[in-house]
Structure formats: C-alpha cells, structure tokens
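Asker:
Protein chains in written order, with the numbering used here: chain A, -13 to 312; chain B, -13 to 312; chain C, -13 to 312; chain D, -13 to 312.
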C-alpha cells in the first residue's frame, strides 16, 4: 500500500491543526476580506496585526494577519494534548536534526518553534488563551458563517516523504491519489482530529501552503456566499467551485484573499476517528477525484500557492500531471 | 427600449406553457433518464409513448416521449384560459397566414395546431385531463424532485422578431440581453404565468428548442441530484452548472437526455405578475449575465439544440458572440 | 361543492394583494421588528410613518407602519390590472351598496377606498411608485430574507359569505376546510396571482386580520431566523411553528410584532394559475390540516387578531371548534 | 464546578460509542421503521436478527435488532483504541467490583462484557468487521439519510455519580444542566470522539436508555423526513421536534420505533477535541435549555425510556422537575 500504516503511539500527541499566520501587504484590505466578507470575528487588533476566530472556536485565534512587505506565510500552528507533549516534541524534532526554539507566546505560553524536513515552519503549544463561546450569538453570524478552521493543504516536492514524516508524528492517512505509472502518491490527506484531514500534501513546487480551509454548516451558506461575493466587488476572488470533492466528499469553494492566499470553504466530510479506518485510493487520472461531478480545477489551482517566510522553494520529483481545465 | 411595451389585451388568453413532445430513439433509455433519474411520474405509457408529470402538476402530462427514428421535438404546447380563446387563437394565426388545424386530442380535447412565424410547431388547448394531486405523497418524490414544468428556451434566428410576435400574443418581457454594438436583442425572457419566463429566445441557428426547464424546491435538491447523477452512470450527461444565473436570479443546472435534448433544473426566480413590471437589461459582454458568479457556459450550450420535426433550420442574422468557456 | 365555481370574467381585474397599513403604538419598536429583525427594507420614513418593501418587490411598499394610539389595521391594499379597472371596481362596490371614495394617493395615484360586506377596509390602485430592483444586492439581505408579501388571512364571522363575495370579484378557491356536521366552510384559501392564496378566511370573531404573510426562499432561512429571534430578545414573539402546513403544503412560522400584529413567514406553496385548478377539501377535525406533522396550533392562534380601524367586531355564526394545543 | 475536571490519561482508551442491541417484538415492523423509513442499510439479516449501518459507517453495524418477547435493550457497545485496552478495561471494571466476561463475538472478536455501577450492560471491542465504503453510493441514500450513530442518552438515578464514573474512564463533559436549588447536576453531556457527546445522562428512573441518536447532514433532511413520516403512516411515531437544542446547538427530531425505543435525528453540534474545552452550564429552569426557540418537551419525553434486559429500574434521588409541555 502506498500510504504507511498508522502509528498508534506517536512520539507526542497532536490534538489538531490550530492556526496560521498570514503576512499581508494591506491590513485594511485583508480585514475587508476576512472580517467583512468571510465573517471571521476579530478577537484582537492593532495597526500591525489582526487576530481572528471562527464562530464555534474558543481559542484566541485561528488566523493571525500581520502587516508585511511580502505576501507569505509565517508559520502553521498545532495544538498539543498536554504539557509534557511539548518536551516530547522538542526531543523528536531534535532527533531529526530539525532546528528548535522556545518562545513565550502572549496567547499560547510556552511554544515550540521548529520545521518539518522540507522547511515548513511549525509551532506547537498546549493551551491558547480561551475566549467565551459565541456559537449561539446568532446576530454575529455573517458572510459564509465560518464555524472552525478545518485543515491546511501544502504543496510538497515529495509527497511520499511528507506522508512518511507526518505519519511518524501521528497523522493518519484517510484518502490518497496514486500516480498509476510510478505507484507513488501524488496527494495524501491526513488527520489527527477525526475528520478527513488536518493536513494534506499535493505534488508541486514546495514547500508552499496551498490553502487553509474553514468548515461551514451547509452548501446553502456557500451558495449565498457566492451571491454575496459576486455582487460586492469580490467576483475575481472566486477561483474554483462550488462543487463536491470526490476525495473527502465535501462540498467546496476556493477563493483568494487580497494577497493571493487561498481559502477553502468546506462543508462536511465524514468521521474518521477509528484507528483502523482504511484510506481510500484514487487514481490521478480519475476525473471524479477532484470534483465528483467531473469539472476539473483551473491551472492556477495547481500552480499557485503561498510561500513560507524565508523558505526556499524546490521542484517536485514526480512529474505526473493532473487533469486541468482548458 | 429594445423590448416592446406589453400588450395588456392580447388577441387570446394564454395561461402558461404546458407540455413538450420529445421524439426519442430508445424509449427505455429515455424512461431511465426522465423517470428513474429525474423523478418525473409516469401517468400513462405503452410501447410507443410515455406520458410524464411533475410532482405538483395535475394535468395529464408535461412531457410526452414518443418513440422515433430521429431525436427531435414534435410540438410545444400551451394552455389557454377559456374555450372561446381557442377560436380567437385560430383567427389570430390565420390573420398572420400561419397554417392552422384542429385535432381532437385524447387528453386535451379540441386542440389547435399551428406554427409561429419561424416555423416552430405549437399547439393550444383549454383543458387537459386532470389527475388527482400527488404533491403530498412524499414517498413518490425521487431524483431531483421536479415540481412543475417552468419554461421553454428556443434558438431564434431573429430574436427581435420572435419577441415582437410573442409580445403580440401577450407574453411580457422580464429580462433581455442587448448587443451593445447593434442595439439589437441577443436574448429575451418572456412570461405569461407570473415568473421570469414561459418562453425565452436566444440568438442562434433556429428555430430549435434550446431546453425545457423544471422548477425544483431547493438548491440542495440540485446538489444532491448532481451527487446522484455522477455516481449512477450519468456523469457525461451533466453539461453546465450548478450556478446562479445573473438573468432570472435562479439557481440552475443543465443536463442532456439520452437523445441530447437539454433539460434545465431551475430553482426559484421571482414574481412578475405586475403588468407594469419593468424588464431588466443586460449587456451581452457582461460576464455575470450567464452566471452571476462569473463562470461562462461551454461551447455546446451555445451551439447545440433540438430540431423541430420537419422544420428547416436557418442561420441567425445577428453575429455577436457571447463569452464562451475555453 | 361547498366552494363556488370560479368566476372566469370578474367585474374588474385584481392582479394581487399589495400592501397593509398597520397602526402601531411605538414606531421605533416596530422598526426594530420589521427592519432590524425581519429584514424588510425601508423605502421612506419620517417620524410618523415607515414604508417597507421586501427584497424582490419593486413597488414602493408592502407595509406601511403608522404611529397611532391603538394597535390596529387601517386598510388592506390590492393592485388592479389597468386604469379602467378602477372605475369598474367603483361600479361594482356601489352596486353592492358599499361606500366608495377616491383619494389621490402620493405613491399610488388615483385610489379607490371601499369596504367588503363585512366592513373590511379595502383600497385599490393600478400603479404604485416603482423602485429600482434590489433582489441581486445580496449585501442587503438580512433577517429572514423576506422576498415578497404573499397573502392576508382574515377572521370572518361567515366564511361562506366571505367566499361568495371574494369569488364574485375573481378570487378562486384552492383549498378549504369543511365542518363535516354542518357542511359549511370553516376556512377557505383564495388566490388571484397564481399561488395558494392572496386572501384566506378563517371562522372567528370578525372582521379582523389574522395575519400577513411573507414568502421566503428556504426552510433554512426560517430555521436560522428562529435562531436569531431566540438569541436577540424576541423569544416571546415566536407564536407557532416551524412546521409544514397540511393546507397549502408551505413551511411556516408565525410571529407577533410589538403590537401583536401576526406575521407569517411562508416558504413555497404551489402553482395554481390553471382556471380549472380543483380546490382541495380538508376536514376540520383532520389533525394534519393545520400541520402535516400533526402538531396543533395554540389557542392564541385561533383567538387573537388585529382589529380594523373603526370597524366593529362580531361573533361567528359557525360554532365548530378546531383542534387546539393543550 | 459541578462537573469534574477531565481525566487526561484514563485507564483505557475508548474511541467512541459504537452500537446498540435492541430487542424488538416484531422484526418485520422494526425493519420497516429502520430500513424502509429511516434509511439505515442492512448489512446482514436472518429470521431472528437484523444488522444495520448508517451511510458513512464502515463497521459491520451500529444497530442490531434481535427478535424478543419484550421491548428492551440488550447492551450498549463501545470501540476501544488498541488490543491492550481490552485487558486494561477488564482490570478497571474488576477493580470496581463489576462483573466481567469475555466473549468471542462473530463480528467483533474478543469482546469484554461488563456493567457500569448502575447496572447498564456494556460491551467493549477493538475491531469490528469492516465493510466497503458506501458514502458515495448516492442511490442508496433514502429516508432521513442517516450518516452515523452519534450518541446514547441514558436515564440515571444519580447523574452526579454517573458523571463521576464515566469521567474516570475518559469521557469529558461538554454541557450540563444544574438544579439551582441543590447545586446537583440534572443532566450532563460527555464525549470521547470530539463532538458534544458519546453519552449523556438525564435525571430519571434508571438505568434506562433514553435514546440513540443519528447524525444527518442538514435540517432539510429532517424536514423532508417529517413530510415522509406524516404521509406514510408514521405520524404517531413523531414525538418531539423539529427544533434547535439550546444544549449542543443541534437541530433535532425525536421519533419512536414500533417498540417505543426512542431515536433522535441530530444535525450538527460542534467540535470539542480540545482537552481544555470548557463545559457550558445551563439552569434547569431555563426554557431555552431544551429548545433554543422555547418549546418545552412533552411529558412522554421525560418519562418514557427503554429498559435494559434483566436490569432493575430505580427511582432518581433528585426530585427537581424540568419544564414540561402542558
């Protein structure tokens, strides 16, 4: 099988993906996109930073926007289960000769900063500042009514190697795309929190962030969001969709923020908490893999992504090509 | 204004579009499409014909499928208000030098068969055999849960002329697409029954039937229908959508039956019963005209249609081109 | 049959119900209800009056709120087809010995003010000031996203007599509730515009207005509206629902404005444009008549209504009782 | 705080609730309810037993129906993480002086049968026979389109004691209802798999099973299911709803199977995977606790439940009463 068997007792316990720090050129434009359009809630802001959460989240933020001269991603954040997991994580990353550093983060306390073997900047914490629930304050719901951050999708120059590494730290594969000719993985979806993925890897120039996804409650919210985007000046920010993914079975929409960072709006995959949950295999040339209804993604969707701050981007080893819209 | 003012007192009173007779090559395949997939209800059938109605209709049929050697359309049917309207209609069509004939139709009684000036075969009746309501027999709902026939869309070689004629018999324009260069209409939507249209005309080789549309209750029914089509062998029958039309504001999907006849699944336009309801103008080059969210229709959608039985097809006079998907 | 055959050629042509003038004690509170909560759009306002329209309406208003010392209804308004219909209406009402008067209304021009035989104040006009479309300005949609006014429901002391009168002026019965013991109608639904009703009559102390209904696009909008009402201080304004009506097959919710005027939120009945559309009969004791799912309405729903300004209320002649929630 | 702090390292690792064995008097009637009406899929059956799974489940069954002379519950099943967890579970239950036994189950292999301190029969296994995915075979979806088993709700004679026990084995409280007078818990919701609950406890005669819940994809599926139930002879099986729970924020419907076993249809609570997720407190007298929109549950909902086979039922110690519909 092209995806490795799950590691039931990983070296440290990751609960879920947690947050991303986007570096953006124009904080006001980004605020218009994430707050006024998308409907994320501001939890803290000043003239250099905006912190955002979705409607059912109680952590301080799932997105931090930080003013910068370049459109890029500073770091991907993950929540650990318990305080000792932080030290176990440090031990693990050091054993892999990855750089590690501790910072005392204002909202997350003791935080481990490190990298995966491809250079992706990661940070781990145990407890982020907790806020009062707002999921039943229905007057606050707006835009696409985002409920929670769902996953990161990353370009990888070697998906098999990415999967091997993330598998070792406890992520379990749920679906994967195989290149029939080489037998190698072209894309893999992996989870910790019991859905189809916390992280996914797609073959391409990397490491880069392909997108961050938000879970919403209904396909109707996505349809109404498209109506809103297309009549409030955001028409050109719609990149792909709506549609049903073959992989994950989720109803989706891809949009681009003012810096080009890609956001997926994602409605409802399925439960994967069973440790013996078998991954589903798809063929790279199956037209229903991307969209169950047959429509291929546009070229931009395969080519464009967000660079990580200070990280060099390389070429993928696998040259197999997906089906692309003309 | 490029669309004529409505005629408040037309020569005869058309209630609404009523039915279409499709000629199909393989009755079993068509039955699989219209009954097993789409969810229309069989009201009568034999080895040469199938009669179908949608869930809230009480007339005997909105589609008649008839076995034939060629895929084509036999006739478009319209319901008149009262018995005297039949004779008034005959008088009108004769005054226009159109051929007229009376038939005694098994389900519609005295029926006027005639043509519009472009050769489109039409039939008019007052009362079709009525069936018991089934709209609250929810166990019968299946497929896309079609509620009622909504409209016909026809290719016309001269949209302005088509509009002038249908306006004269009481159809009122609700929206139209103008070719900015010539100031001529490229497409027009016209109604009798109080929605955006009973009939629409699109510039192209004609006369041909572009599509017949069915009204459904929710965008979710369309999304679930796409899931069904794409996992039961009908993937290649999906032609365009789903999306929100700029024109009509309806949520739509276009599919093709086994003979290539195009069916639109249509959810919710708006009420237009006011005789002073102002038509809305769109520019042919406006990308939101076709789909509010910006996605253009594929080439097949502009080129392909169903011929009328025994009617020659001509070239359109207007050469302006819409935006087409690459 | 307890409901009379439709009059195909009524003495004047009513297009549809149009508007209601509510007299309210606290204009600010009513504005909070109709605008901030419900999502109707203000088209004009001053310190004594607020004019409102729903999202797909182009007429100046469907509700006028007017500051008053008493919570009551000033008048129910209907749109006529053409200018001559005004004079025909005057002739008709005079022939019935009803009072008639002409006013020059700022938004409706020449307007006929009169009464039905039970005293209900009515006004008829041909053309109301027209406003630009806003149905595709999706940023304006809020609250329950009301699309258009749908119908009035009135308490009548003699439903059979009300039906006879409204039938004479062209309203056609679509469904009715019969009291099995007396064979008399307990409630009747009648339309002009092609849905289940423009007006309905329910046995009770009358004449009073039972409710005004607004059409919305999805049951989900009603569910989300209930979430909003119940978390923004309007919990006690929820009177009945949500549910599916047996009669009309619509998904419904009943709420009460700050003066107690009852508003129905109504999603999707069915098309009734055929003049030979057969009315559906229900038995007063059928538990699925009120709600298809079996839940009876509360006592208040049967007892409470809005009085018409200056009109005396009488007792119903029919004493049959509906099923009421304990 | 009335609910105990979560135990981060429980004595054995429970993944999630898994299945229930219902004893039913008429297997054909139960099949009509669970398969033909509800839409669960038969995975195996003979003349004494029927095994069922929901659309996204890959385990052999979530409900087993077994023919019996009495309507009751045989056992509640839970899935453990890894083989050693079975022995750890045995050690734990023995340490609590609970009876334990091993059976070799045809679909679950080595299975531990035991009881909780109140007598509730429980069984634990690690791996149930796995079946091929069917979640994208959309032609199989019917009824309410049940996606997966979500939770058990049990009557307990001492909710605080139940919570203390289930907390010890790793269940974490997410919401709870406090009796303000005594400061004791009247009901508590506890999870393992990352939603609002795998198990809940409600004050009442116990131990009894209050209901088993199934997750569905949309409130619209519940509304359409009510339309189906009420027009196919199942009207009297509707007990409560639809509505939005205050607690859990889920959209719900309660129905009763032919033996009176209660099934909840449940749409969408929220994610609770964070080990520091704070429980939400509700007051027993808060009318929005049961239903956010204010409607209280009927008496039957508080009084009736399914007995466990061979287990005596006792009276609750807490006498506080909830708000009940008149």
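Ideal placement from N, C-alpha and C gives every residue a C-beta, glycine not left out.
Rank 264(B), 7(B), 33(B) by C-alpha distance to the C-alpha of residue 14(B) and give the top, closest one.
Answerer: Within the second chain, numbered from 1, the residue matching residue 14(B) stands at position 28. The shortest C-alpha separation from residue 14(B) is found at 33(B).
Asker: How many angstroms separate the CA atom of residue 172(D) from the CA atom of residue 77(D)?
Answerer: Along the fourth chain, read from residue 1 onward, the residue named residue 172(D) stands at position 186. Along the fourth chain, read from residue 1 onward, the residue named residue 77(D) stands at position 91. Those two C-alpha atoms are separated by around 30 Å.
Asker: Against chain A, does residue 271(C) count as a neighbour if the rule is that its beta carbon must be under 7 Å from one of theirs?
Answerer: Taking the third chain and counting its residues from 1, the one referred to as residue 271(C) is at position 285. So, not an interface residue.
Asker: Whose Cβ in chain A lies nearer than 7 Å to the Cβ of residue 254(D)?
Answerer: Counted from its first residue, the fourth chain places residue 254(D) at position 268. In chain order: 203.
Asker: Along chain C, which residues have their Cβ under 8 Å away from the Cβ of residue 121(B)?
Answerer: The count along the second chain starts at 1 and reaches residue 121(B) at position 135. Within chain C, the residues near residue 121(B) are 235, 256.
Asker: Apart from the five residues on each side of it in sequence, which residues of its chain come closer than 7 Å, Cβ to Cβ, to residue 91(D)?
Answerer: As a working mapping, residue 91(D) is identified with position 105 in the fourth chain. Excluding sequence neighbours, residue 91(D) sits near 97, 111.
Asker: Could you give the DSSP three-state label for residue 279(C): helix, strand or coil?
Answerer: If you number the third chain from 1, residue 279(C) lands on position 293. Residue 279(C) falls in the coil class under three-state DSSP.
Asker: What residues are listed by DSSP as bridge partners for residue 58(A)?
Answerer: Counting from one through the first chain, the residue named residue 58(A) turns up at place 72. DSSP, once it has assigned bridges, lists 9(A) as partnering residue 58(A).
Asker: Any beta carbon of chain C sitting closer than 7 Å to that of residue 51(B)?
Answerer: What you label residue 51(B) is simply residue 65 of the second chain in a count that begins at 1. No, residue 51(B) does not count as interfacial toward chain C.
Asker: Does any C-beta atom of chain C lie closer than 7 Å to the C-beta of residue -6(B)?
Answerer: The sequence position of residue -6(B) within the second chain is 8, counting from 1. Yes, contact with chain C.
Asker: Please name the residue, chosen from 2(A), 58(A), 47(A), that lies closest to residue 293(A) on a Cα-to-Cα basis.
Answerer: Stepping through the first chain from its first residue, residue 293(A) is reached at position 307. Of the candidates 2(A), 58(A), 47(A), the one whose C-alpha sits nearest the C-alpha of residue 293(A) is 58(A).
Asker: Of the residues 27(C), 200(C), 16(C), 310(C), which one's Cα is nearest the Cα of residue 135(C)?
Answerer: Residue numbering aside, residue 135(C) sits at position 149 when the third chain is read from its first letter. Here the closest residue by C-alpha is 200(C).
Asker: Just checking my contact of residue 217(D) with residue 123(B) at CB under 8 Å: how many whole Å lie between their CB atoms?
Answerer: Counting from 1 along the fourth chain, the entry for residue 217(D) is found at position 231. Counting from 1 along the second chain, the entry for residue 123(B) is found at position 137. At roughly 6 Å, the Cβ-Cβ gap stays under 8 Å, so residue 217(D) and residue 123(B) are in contact.
Asker: With DSSP as the reference, label residue 210(B) as helix, strand or coil.
Answerer: For the purposes of this step, residue 210(B) is taken as residue 224 along the second chain, with counting starting at 1. DSSP places residue 210(B) in helix when its eight states are reduced to three.
Asker: Is it right to say residue 228(D) is buried, meaning 16 or more other beta carbons lie within 10 angstroms of its own, or is it exposed?
Answerer: Locating residue 228(D) in the fourth chain gives position 242, counting from the first residue. Label assigned to residue 228(D): buried.
Asker: Identify whether residue 157(C) lies in helix, strand or coil by the three-state DSSP scheme.
Answerer: On the third chain, residue 157(C) is found 171 positions in, with the first residue counted as 1. Three-state DSSP puts residue 157(C) in coil, outside helix and strand.
Asker: Please work out which residues of its chain come closer than 8 Å, Cβ to Cβ, to residue 311(C), disregarding the five sequence neighbours upstream and downstream, and give them in chain order.
Answerer: Taking the first residue of the third chain as position 1, residue 311(C) is located at position 325. Same-chain partners within the cutoff: 281, 282, 283, 284, 285.
Asker: In this structure, does DSSP put residue 77(A) in helix, strand or coil?
Answerer: As a first step, residue 77(A) must be located in the first chain, where it is residue number 91. Note: residue 77(A) maps to helix in three-state DSSP.
Asker: Three-state secondary structure (DSSP) at residue 99(D)?
Answerer: By 1-based counting over the fourth chain, the position of residue 99(D) is 113. Residue 99(D) falls in the strand class under three-state DSSP.
Asker: At a Cβ cut of 8 Å, what residues of the segment 205 to 221 of chain C count as close to chain D, listed as they run along the chain?
Answerer: From the segment 205 to 221 of chain C, only 205, 206, 209, 212, 213, 215, 216, 217, 221 have a Cβ closer than 8 Å to chain D.
Asker: Roughly how many angstroms lie between the CA atoms of residue 43(B) and residue 133(B), to the nearest whole one?
Answerer: As a working note, residue 43(B) is residue 57 in the second chain. As a working note, residue 133(B) is residue 147 in the second chain. Each residue's Cα considered, the two are about 7 Å apart.
Asker: Spatial neighbours of residue 295(D) within its chain, please: C-beta separation below 6 Å, excluding the five flanking residues on both sides.
Answerer: For this step, residue 295(D) is matched to residue 309 along the fourth chain. Excluding residues within five positions, the ones whose Cβ falls inside 6 Å are 58, 60.
Asker: Assuming residue 63(B) contacts residue 4(B) (C-beta within less than 8 Å), just tell me the rounded distance between them.
Answerer: Within the second chain, numbered from 1, the residue matching residue 63(B) stands at position 77. Within the second chain, numbered from 1, the residue matching residue 4(B) stands at position 18. The Cβ separation is near 4 Å, so the contact holds.
Asker: Can you check whether the CB of residue 7(C) is closer than 7 Å to the CB of residue 16(C)?
Answerer: As a working mapping, residue 16(C) is identified with position 30 in the third chain. As a working mapping, residue 7(C) is identified with position 21 in the third chain. In this structure, residue 7(C) does not lie closer than 7 Å to residue 16(C) by Cβ.
Asker: Buried or exposed: where does residue 152(D) fall if 16 or more other Cβ atoms within 10 Å of its Cβ makes it buried?
Answerer: Working through the fourth chain from its first residue, we reach residue 152(D) at position 166. Buried is the call here.
Asker: Could you run through the segment 260 to 291 of chain C and flag, in chain order, every residue whose CB is less than 7 Å away from some CB of chain D?
Answerer: Going along the segment 260 to 291 of chain C in chain order, one finds 274, 278, 279, 280 with a Cβ nearer than 7 Å to chain D.
Asker: Could you tell me which residues DSSP puts in a beta bridge with residue 189(D)?
Answerer: Reading the fourth chain from its first residue, position 203 is the one you call residue 189(D). In DSSP, residue 189(D) forms a bridge with 142(D).
Asker: Is the beta carbon of residue 279(B) sitting closer than 7 Å to the one on residue 163(B)?
Answerer: Mapped onto the second chain, residue 279(B) falls at position 293. Mapped onto the second chain, residue 163(B) falls at position 177. Result no, Cβ atoms of residue 279(B) and residue 163(B) do not sit closer than 7 Å.
Asker: Looking at C-alpha atoms only, which residue of 71(C), 40(C), 38(C) is the closest neighbour of residue -5(B)?
Answerer: Mapped onto the second chain, residue -5(B) falls at position 9. Among 71(C), 40(C), 38(C), the Cα nearest to that of residue -5(B) is on 71(C).
Asker: For residue 20(D), go through chain B and note every residue whose CB falls closer than 7 Å to its CB, in chain order.
Answerer: Here residue 20(D) refers to the residue found at position 34 when the fourth chain is read from its first residue. None at all; the shortest Cβ gap to chain B is about 16 Å.
Asker: Please classify residue 127(C): does DSSP put it in a helix, a strand, or coil?
Answerer: Counting from one through the third chain, the residue named residue 127(C) turns up at place 141. In the structure shown, residue 127(C) sits in coil (DSSP, three-state: anything other than H, G, I, E or B).
Asker: Taking the continuous beta strand (DSSP E) assigned at residue 255(A), which residues delimit it?
Answerer: Start at 1 with the first residue of the first chain, and residue 255(A) comes out as number 269. Per DSSP, residue 255(A) belongs to no beta strand (DSSP E) and is neither H nor E.
Asker: For chain B, is any of its Cβ atoms less than 7 Å away from the one on residue 125(D)?
Answerer: The residue labelled residue 125(D) in the question sits at position 139 within the fourth chain. For residue 125(D), the answer is yes, since a Cβ of chain B falls inside 7 Å of its Cβ.
Asker: According to the neighbour-count rule (16 or more other Cβ atoms, all chains shown, within 10 Å of its Cβ), is residue 234(C) buried or exposed?
Answerer: By 1-based counting over the third chain, the position of residue 234(C) is 248. Residue 234(C) comes out buried.
Asker: Can we say the segment 176 to 193 of chain C touches the segment 188 to 198 of chain D, given the rule of at least three CB pairs closer than 8 Å?
Answerer: Short answer: they don't touch.
Asker: Flag this pair as touching only if the segment 244 to 253 of chain B and the segment 194 to 209 of chain B have three or more C-beta atom pairs under 8 Å; answer yes or no.
Answerer: They touch, by the three-pair rule.
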